[in-house]
Structure formats: C-alpha cells, structure tokens
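In what follows, a single structure is set out as structure tokens and then discussed.
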Amino acid sequence: MKRAALISLAAFTASCAVSGAVATTQAPETAHDPVPAAPYTPAESGRDEPEGLAYDKVADIDFPVQVVSRPGDEISYVPTKRGLVYTLNGNQLGETPVLDLSRRVSKAQEQGLLSMLLTDDPRVAFISYTAGNGDTVLSEFRFADDGSLDASSERVLFRLGQPAKNHNGGMLQMADGRIFLSLGDGGGAGDTFGNAQNINTFYGGIITLSPTGDPAPTLFAYGLRNPWRFWIDRGLLYIADVGQDAYEEINVVRLEPGQNFGWPITEGRHCYRPAEHCDATGTVFPVLELEHGDEGACSITGGVVYRGTAIPELDGFYLYSDYCAGFLRGFRYLGDGELETEDWTDSAGVAGRVTGFGVDGAGEVYVATTTALYRIVAGR
56 MKRAALISLA
66 AFTASCAVSG
76 AVATTQAPET
86 AHDPVPAAPY
96 TPAESGRDEP
106 EGLAYDKVAD
116 IDFPVQVVSR
126 PGDEISYVPT
136 KRGLVYTLNG
146 NQLGETPVLD
156 LSRRVSKAQE
166 QGLLSMLLTD
176 DPRVAFISYT
186 AGNGDTVLSE
196 FRFADDGSLD
206 ASSERVLFRL
216 GQPAKNHNGG
226 MLQMADGRIF
236 LSLGDGGGAG
246 DTFGNAQNIN
256 TFYGGIITLS
266 PTGDPAPTLF
276 AYGLRNPWRF
286 WIDRGLLYIA
296 DVGQDAYEEI
306 NVVRLEPGQN
316 FGWPITEGRH
326 CYRPAEHCDA
336 TGTVFPVLEL
346 EHGDEGACSI
356 TGGVVYRGTA
366 IPELDGFYLY
376 SDYCAGFLRG
386 FRYLGDGELE
396 TEDWTDSAGV
406 AGRVTGFGVD
416 GAGEVYVATT
426 TALYRIVAGR
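If you're matching positions, the sequence shown starts at 56 in this note's numbering and goes up one per residue.
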C-alpha cells in the first residue's frame, strides 16, 4: 500500500482574461468545507491495519457499470451497458436478467444503459439509458410481484436529444428528495457545440428533477465535459469529470447549486484554450487532477465513498480508477482542498478496464470492468 503525504489544492490564477469572455457564476465560499468526521485509528477495530486491498472476483459479466442496492437489503442489482439488469445476492449473480432493455438501448460508443437508481420507494427503480435514436432517457420502472422489473411499466421522466454518441454522462443519484442526473457536453472534442458554459442548456451539467417528473428539471451545476460518474455523500458532491487531451479531474464541493467547473475554459487546473482566452473567474477547480501518461491514464472512472463496516480503515475514502490504467486509488477529503491519499494498486493489482463502482446494502464496494465484477476486500 502506498501512503502519500497530505496534499492541498493551491490557488489557481488564470494567466489573463479577454473582454467578452463567457461570464461565470461565483462559486460559494463554502464549496470546499469538509463534513466533520471522527478520525479512524486501528485500535478502534481491534484489528491490525490491513496491508492493502484486494479484489474478490464475483462473476464474469459483459460490461457491468454499477452495483446498486437499498441500505440494509441483501439483494443488489447489476446494470450492464447492453441493457440488462441482474440481481446480486452475496457472491451469486442471477442467471437471468430481471430487466431486459436490450432492444430499446443504443449501445454505440459511450451509449447504453448507463445507470440505475433505487430510492426509499421499494416499488420502483429509475434507469438512465440511451434510446435507439440516441436520446438520453430517464425512466421509472415498477417491480413486479416476482421481483423482476416490468419493462412494460416504463414511465419517461426526462428525455434529451444527443448530437453525438459520446459524452452522454448518465449517472443517477438522489439527495434531498430529488434525482440528480449527469449529462456530458454533447460530444465531439473541445466542447464542439458550445454547451458547457451555456446555462440555458442541460448539456455539460448535472440536473435535478422530482421522482414524479413535475416540476420541470433544473440545472444544478455546469462547466463539465463528461461527468460519467459522480457521488453524493454526507452533503458533499464528488464529480469525476473525464478530460480532453491532458488532464482528468475530481471535484469535491458542497452540494449547492450554481457551481461552474470550468470546462472548456479549463481542463483540470489548467487553461484549456490559449491563455489569452482563459478567464477563469468564479470557476471551481478540482481537488485532484490526473495527468495523461500517469500509468497510462486516459479516462477517469469514479468513484464512491466507502461507508461499509468490513474495512473500517476505509471509512470516508473516495475510491476511483481509470478506464485505461486500471489502478485502485482513493482519498479522504479533509476540507479546503486538502486530501489524505492512498494507492492500493500494488496489493490489489489491475482488475482491467474499469467502468464503474458500486455499493451493496451493507455499504461494501464493488468494481466493475468490461468483463467482470469484483468486490473490494481487505488484504490482511
């Protein structure tokens, strides 16, 4: 296990600004305040600190993207990019899908069934997917008496046309009684369609909407390129935003609306466009950036905060990886951009092309790759 020293985010100042630059909204002053938590010490568990983390293979499966469950439930669900959803009970993956949307879902490039959300209502599940015509769709499905999800019960809550087959975002979370959905900038390269700094569009942002679909969705955050995965934990929003040519980034902010994450003015903590066009006023900068070439990194894969009990040393750590590099890293957010970082790749190894993370009903964490599903366990 590699333990890094505490790191902090230095203040970023753009080189210069030009008149007519896109206006931005000033981020809240509390954007990087921590949520207080008691520090962990190994003596609290009565066990030695683990020597690292390891992967326990659960199943071979084609392109899983998540594991989702309600807290305390024994049954979890594993959605796949191809449009199938399976149950997971312990280490036992269901043999047949409980939902089959394969004929409704476009699977081209970064499209597919992208996320699933369970709420306090045990009768329904929410699915984010790409329709056959390329639209992003968020729908409610109802559970049948046999525990399957009834494909015929679909109720569409949100639909948005997509101009390209990449940067679709698609992650679902829930907080304060509202659904959060991430959306990419519309695709192409360099914000081709000029969406990410346009607060009159949903592209390149995170939106919120009611589980009933009424009132209309609202834009919660913007200035994102492709927030494939984000996570909400104890009032903090963790966003892993996929970069363009040089940098991947992770943002940690208070769960407050109106924050601008900079794309395409900035990529990571750097000006993306030439310096004379870089007015970064009001931009929220990432607490962590990952340079391309770092162990082959190319596309950040977030990421969940560990709140399980099997590995108490991990409590509060945000775990993340990269689609190309496949490492296993994490950090505790300590506030004001300060992080306690860890790298468990030496002990865990490289699982493969990491597509997502997930959490079961006990709070234990899973890693999904293009070909398999793994549970994270302690290497003691």
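Glycine residues also receive a C-beta, built at the ideal position from the N, C-alpha and C atoms.
Under 8 Å between C-beta atoms of residue i and residue j
{"i": "glutamine 228", "j": "tryptophan 283", "result": "no"}
{"i": "serine 376", "j": "threonine 396", "result": "no"}
{"i": "leucine 169", "j": "leucine 383", "result": "no"}
{"i": "glutamate 304", "j": "proline 341", "result": "yes"}
{"i": "phenylalanine 412", "j": "glycine 358", "result": "yes"}
{"i": "glycine 381", "j": "valine 409", "result": "yes"}
{"i": "tyrosine 302", "j": "glutamate 350", "result": "no"}
{"i": "threonine 191", "j": "asparagine 223", "result": "yes"}
{"i": "valine 153", "j": "tyrosine 421", "result": "no"}
{"i": "leucine 236", "j": "serine 183", "result": "yes"}
{"i": "glycine 337", "j": "leucine 310", "result": "no"}
{"i": "glycine 242", "j": "alanine 219", "result": "yes"}
{"i": "leucine 279", "j": "tryptophan 318", "result": "yes"}
{"i": "glutamine 314", "j": "valine 308", "result": "yes"}
{"i": "arginine 125", "j": "glycine 416", "result": "yes"}
{"i": "alanine 114", "j": "leucine 374", "result": "no"}
{"i": "tyrosine 110", "j": "alanine 406", "result": "yes"}
Whole-angstrom distance between residue j and residue i, CA atom to CA atom
{"i": "tyrosine 293", "j": "isoleucine 116", "result": "27 Å"}
{"i": "serine 265", "j": "asparagine 146", "result": "34 Å"}
{"i": "glycine 404", "j": "threonine 426", "result": "16 Å"}
{"i": "aspartate 200", "j": "arginine 178", "result": "10 Å"}
{"i": "lysine 112", "j": "arginine 430", "result": "6 Å"}
{"i": "phenylalanine 316", "j": "aspartate 240", "result": "12 Å"}
{"i": "glycine 167", "j": "arginine 159", "result": "9 Å"}
{"i": "alanine 206", "j": "leucine 156", "result": "7 Å"}
{"i": "glutamate 195", "j": "leucine 212", "result": "7 Å"}
{"i": "threonine 135", "j": "isoleucine 320", "result": "34 Å"}
{"i": "proline 119", "j": "threonine 424", "result": "7 Å"}
{"i": "glycine 259", "j": "tyrosine 277", "result": "6 Å"}
{"i": "serine 203", "j": "alanine 251", "result": "38 Å"}
{"i": "proline 367", "j": "glycine 127", "result": "17 Å"}
{"i": "tyrosine 378", "j": "cysteine 353", "result": "7 Å"}
{"i": "glutamate 214", "j": "alanine 433", "result": "At residue 214 the sequence reads arginine, which differs from the glutamate that was named. About 41 Å."}
{"i": "histidine 325", "j": "alanine 244", "result": "17 Å"}
{"i": "alanine 76", "j": "glycine 268", "result": "A caution first: alanine 76 carries a pLDDT of 29, below 50, which makes its placement in the model unreliable, though a value can still be read off. Each residue's Cα considered, the two are about 35 Å apart."}
{"i": "glycine 418", "j": "serine 131", "result": "11 Å"}
{"i": "alanine 271", "j": "isoleucine 261", "result": "14 Å"}
{"i": "serine 402", "j": "alanine 230", "result": "34 Å"}
{"i": "tyrosine 32", "j": "cysteine 333", "result": "An answer regarding residue 32 cannot be provided, because it is not within the stretch 56 to 435 covered by the chain."}
{"i": "proline 329", "j": "alanine 335", "result": "12 Å"}
Boundaries of the alpha helix (DSSP H) in which residue i is found, first to last residue
{"i": "alanine 403", "result": "400-403"}
Buried or exposed by the 16-neighbour rule on C-beta atoms within 10 Å, applied to residue i
{"i": "glutamate 331", "result": "exposed"}
{"i": "asparagine 281", "result": "buried"}
{"i": "aspartate 300", "result": "exposed"}
{"i": "glycine 298", "result": "buried"}
{"i": "glutamate 129", "result": "exposed"}
{"i": "threonine 151", "result": "exposed"}
{"i": "glycine 216", "result": "exposed"}
{"i": "alanine 98", "result": "Bear in mind that a pLDDT of 39 at alanine 98, under 50, signals an unreliable position, so the number given afterwards is only what the model happens to contain. The residue is exposed, with fewer than 16 neighbouring Cβ atoms inside 10 Å."}
For residue i, the first and last residue of its enclosing beta strand (DSSP E)
{"i": "alanine 423", "result": "420-424"}
{"i": "glycine 358", "result": "355-360"}
{"i": "glutamate 303", "result": "302-309"}
{"i": "lysine 162", "result": "Neither: lysine 162 is in no beta strand (DSSP E) and is coded neither H nor E."}
{"i": "asparagine 144", "result": "139-144"}
{"i": "threonine 273", "result": "273-277"}
{"i": "tyrosine 375", "result": "372-377"}
{"i": "isoleucine 261", "result": "260-264"}
{"i": "aspartate 111", "result": "108-115"}
{"i": "serine 183", "result": "179-185"}
{"i": "leucine 292", "result": "291-296"}
{"i": "arginine 430", "result": "427-433"}
{"i": "valine 120", "result": "Valine 120 -> no beta strand (DSSP E), and no H or E assigned at all."}
{"i": "methionine 229", "result": "227-230"}
{"i": "phenylalanine 196", "result": "191-198"}
{"i": "glycine 385", "result": "384-390"}
Cβ shell of residue i (< 7 Å), same chain only, five flanking positions each side left out
{"i": "glutamate 209", "result": "Ser194, Phe196"}
{"i": "arginine 233", "result": "Thr263, Leu264, Ser265"}
{"i": "glutamine 164", "result": "Lys220, Asn221"}
{"i": "isoleucine 254", "result": "Leu274, Tyr277"}
{"i": "threonine 256", "result": "Asn250"}
Nonlocal neighbours in the same chain, by C-beta distance under 6 Å from residue i, ignoring five residues either side
{"i": "glycine 149", "result": "Tyr141, Thr142"}
{"i": "tryptophan 399", "result": "Met56, Gly107, Leu108, Leu383"}
{"i": "alanine 246", "result": "Checking the sequence shown, residue 246 turns out to be aspartate, not alanine. These residues qualify, in order along the chain: Asp240, Pro319."}
{"i": "glycine 225", "result": "Leu169, Ser170, Ser183"}
{"i": "arginine 387", "result": "Gly371, Phe372, Glu395"}
Same chain only: Cβ atoms within 8 Å of residue i, ignoring 5 sequence neighbours per side
{"i": "methionine 171", "result": "Gln121, Val123, Tyr132, Pro134, Val140, Ala180, Phe181, Ile182, Ser183, Leu227"}
{"i": "alanine 365", "result": "Ala417, Glu419, Val432, Ala433"}
{"i": "aspartate 176", "result": "Pro266"}
{"i": "phenylalanine 198", "result": "Pro177, Arg178, Val179, Ala180, Leu204, Asp205"}
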